[in-house]
Structures are given as C-alpha cells and as structure tokens.
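**Q** The C-terminal residue of the sequence shown carries number 340 in the numbering used here, and the numbering is unbroken. Virtual Cβ for every residue (Gly too), placed ideally from N, Cα, C. Have a look at this one.
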Amino acid sequence: MKKLLPFLMIALGASLWGIIAVFVKELGEYGFSAMEIVAVRVFFAAIFLVLIGIMRFRNCFKLESATDIRLFAGTGILSIVFFNYCYFTAMNQISISLAVVLLYTAPAFVTVLSYLFLKEGINLRKIAAVAGTIVGCILVAGLSAGSSDITLLGILTGLGAGFGYALYTIFGKFALRKYHPFTVTLYTFLVASVFLIPVTKLWTKASVFLNAEVLFLSMGLGFVPTVLAYFVYTWGLEKTDGSKAAVIATVEPVVAMLLGVTLYGENLGAIQIAGALLILSSVIIVNLPARRKNTGLTAESKLEH
36 MKKLLPFLMI ALGASLWGII AVFVKELGEY GFSAMEIVAV RVFFAAIFLV LIGIMRFRNC
96 FKLESATDIR LFAGTGILSI VFFNYCYFTA MNQISISLAV VLLYTAPAFV TVLSYLFLKE
156 GINLRKIAAV AGTIVGCILV AGLSAGSSDI TLLGILTGLG AGFGYALYTI FGKFALRKYH
216 PFTVTLYTFL VASVFLIPVT KLWTKASVFL NAEVLFLSMG LGFVPTVLAY FVYTWGLEKT
276 DGSKAAVIAT VEPVVAMLLG VTLYGENLGA IQIAGALLIL SSVIIVNLPA RRKNTGLTAE
336 SKLEH
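Below you can see the structure in the form of structure tokens.
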C-alpha cells in the first residue's frame, strides 16, 4: 500500500483538477476574464496556504536562500500562470474537448524534459504509455467526429497549456530536492499572486466579490482544485518519477468527461469509453514492475533503474 500511495495521491490531485471547469464556467458568467480567473485562483489559494502553514507547517516558511525564489518563479509564473492562462484561453477559442487533448500533450513534454534536465531514464514502456495517453485523450474528446471551430490561436494556446503543465513537474522536482512539498506549493502560489494581482488589477472587482456566490466560487476554486489538488500531487511527485507522475495525472480528462456527462448532459459514446480505458491502461503499464534480468541486482542498482 505504501508503494501505491504516491500514485493514488497523484491520481487524486488530477481528479480534483478535473472538476475545475465547474468553477471556471460559473465565474465566467459573472464577467471574469481568463486571466482574472487565474488571479482569483492563485490569490485565494495563497490565502489558504498561509493559514494552513501557520497552523501546521510553521517550519516550512523559511527559504534556505533568496535566490531559490527563481524555482518558485518557475512553478508559479512559468507554469501555473502560463498554463492556466493558455488553458482558459484555448477553451474560449476551440472546443473544451480539444483544449483538454492539447493540454495532455504534457506527458510527452515531461518525458523529454525529464530526460534532458532531470536525467531520468527513458524506455520503450514510457514512450508507449505516453503515446497511449495521447491517443486516449484524442478518443475521449471524440475528435473522430471532426470539428470546424478550430483557430490557430486555440491550437497554439492549447499546446502552450500542455507545455506549461509539464513545467510544474520539472521545476517541482528541482524545488523538492531542497524543500518540503508544502513549501513548494506555498511559494508557488505566493509568487503567482504577487505577479498576477498587479497585472490584472483584481482590486477593481472588489464589489463583485460582495456577491456570496462569487465569493463561494472563488474560495472553492482556490481550495478544492488548487490547494488540495496541488498539495497531494506534489506529495506524490516527490516519491516518483516526473514522467510517471505526468502519465498518472491523465486521469483528469476521464474525470472531466464524467463530469460533463453527469452535470452538463454531454453524450458518452463508445469512442470516449475506449479512450478512457486506453488512458487507464497506460497508467497501469507505466507502473508495472520492471522485469528483472539478473536476480543478483542490488537495491541501489534497482533504484538507479
């Protein structure tokens, strides 16, 4: 069970990300732009994280070096801000289904970036799992039916979302070499908030937040698919390969698909079911234990592999 727990935490975090559309759609109805919704998300997340830190993780506030803030600029600005903005923009430019597919080019980005910067191994099984998740996402989105509402901006921002999504795994792995998962999550959203609030001038929306539903949605967006999701994902990421974590996290489109069916009455056909099964199969494949060619392998050599 201890070996499975990191994978389960990554899957839980991804599942919570899968429900983000509920909050985004509702806030959009109140006139919030894509970047303003990102600002709302990171601002309320930062508030929750500071409160949780004061209660449970007081020893996690201190940074070893001021220069380490660059790590959190990576997770906070280059990943969280960039990824969310691209993702929300893509959903306005093209179908949500296609935006999700493009977002989940992230495992391919992670596998390459992990190989280049984290020196993680790459093998046929990882390549096959990544390919399987990409094909699975395409099937989940039902692209075989075709789509006419495709724009160049939508395609580019969708791919940008996938790249930004992958960057959290890469920068997160570097940060976790020195810091506790809570510290990484806390400073990720603090840096993102400090950057975004002046950019969006969020204070001009102060009167809108007096609406109880808007405040509830904002707090929910900041906690459920953000603080809780990123914390459990980062905890799991600390204990597994970045490329594996990215593949496991592709349970998110499955959750998003089921949410669309149950809440928004979207049709679930055989192609979508096949895609969901392919994604889950890829998750299983990437986590199968490696076949031992030599029974005399040491613990150290197995860890290196």
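Quick check on this structure: which residue in T110, A201, G189 and T124 has the alpha carbon closest to the alpha carbon of V147?
**A** As a first step, residue 147 is located in the sequence shown; it is residue number 112 there, counting from the start. With distances taken between Cα atoms, V147 lies closest to A201.
**Q** Within 10 angstroms of the Cβ of S343, are there 16 or more other Cβ atoms? Answer buried if so, exposed if not.
**A** With the chain running from 36 to 340 in the structure shown, residue 343 is simply not present.
**Q** Classify Y203 as buried or exposed, calling it buried when 16 or more other Cβ atoms lie within 10 Å of its own Cβ.
**A** By 1-based counting over the sequence shown, the position of residue 203 is 168. Buried: at least 16 other Cβ atoms inside 10 Å.
**Q** Might you give, ordered along the chain, the residues of its own chain that have their beta carbon closer than 7 angstroms to the beta carbon of I232, omitting 5 neighbours on each side?
**A** Position 197 of the sequence shown, counting from 1, holds the residue named residue 232. Result list for I232: A74 and F78, in chain order.
**Q** Would you say E71 and K240 are within 8 angstroms of each other, going by their C-beta atoms?
**A** Reading the sequence shown from its first residue, position 36 is the one you call residue 71. Reading the sequence shown from its first residue, position 205 is the one you call residue 240. The answer is yes: Cβ separation under 8 angstroms.
**Q** Would you mind giving the Cβ-Cβ distance between I320 and L174, rounded to the nearest angstrom? I have them listed as a contact below 8 angstroms.
**A** If you number the sequence shown from 1, residue 320 lands on position 285. If you number the sequence shown from 1, residue 174 lands on position 139. So it is not a contact: roughly 16 angstroms between Cβ atoms.
**Q** With C-beta atoms as the reference, is Y219 less than 8 angstroms away from A227?
**A** Working through the sequence shown from its first residue, we reach residue 219 at position 184. Working through the sequence shown from its first residue, we reach residue 227 at position 192. For the sequence presented, residue 219 should be read as Val rather than Tyr. No, the Cβ-Cβ distance between V219 and A227 is not below 8 angstroms.
**Q** Can the beta-carbon of A311 be found less than 8 angstroms from the beta-carbon of V289?
**A** Within the sequence shown, residue 311 is the residue found at index 276, counting from 1. Within the sequence shown, residue 289 is the residue found at index 254, counting from 1. Yes. Within cutoff.
**Q** Write down the C-beta distance between G193 and A125 rounded to the nearest angstrom, noting that I regard them as a contact closer than 8 angstroms.
**A** The residue given as residue 193 occupies position 158 in the sequence shown. The residue given as residue 125 occupies position 90 in the sequence shown. The C-beta separation of G193 from A125 comes to about 4 angstroms, placing the pair in contact by the 8 angstroms criterion.
**Q** Buried or exposed: W270, going by 16 or more other Cβ atoms within 10 Å of its Cβ?
**A** Translated into positions along the sequence shown, residue 270 becomes position 235. The residue is buried, with at least 16 neighbouring Cβ atoms inside 10 Å.
**Q** From G66 to V286, what does the alpha carbon distance come to, in whole angstroms?
**A** As a position in the sequence shown, residue 66 is number 31, starting the count at 1. As a position in the sequence shown, residue 286 is number 251, starting the count at 1. Going by the C-alpha atoms only, they are around 30 angstroms apart.
**Q** Just to confirm my understanding: we take A309, look at its own chain, exclude 5 residues before and 5 after, and list those with CB closer than 7 angstroms. What are they?
**A** To locate residue 309, count along the sequence shown from 1; it is residue 274. Excluding residues within five positions, the ones whose Cβ falls inside 7 angstroms are L174.
**Q** Whose C-beta lies closer than 7 angstroms to the C-beta of W52 among residues of the same chain, with five residues either side of it excluded?
**A** The residue you call residue 52 lines up with position 17 of the sequence shown. Excluding sequence neighbours, W52 sits near P260, A264 and E287.
**Q** Is the CB-CB distance between I129 and T186 below 8 angstroms?
**A** Locating residue 129 in the sequence shown gives position 94, where the first residue counts as 1. Locating residue 186 in the sequence shown gives position 151, where the first residue counts as 1. Taking 8 angstroms as the Cβ cut-off, I129 and T186 qualify as a contacting pair.
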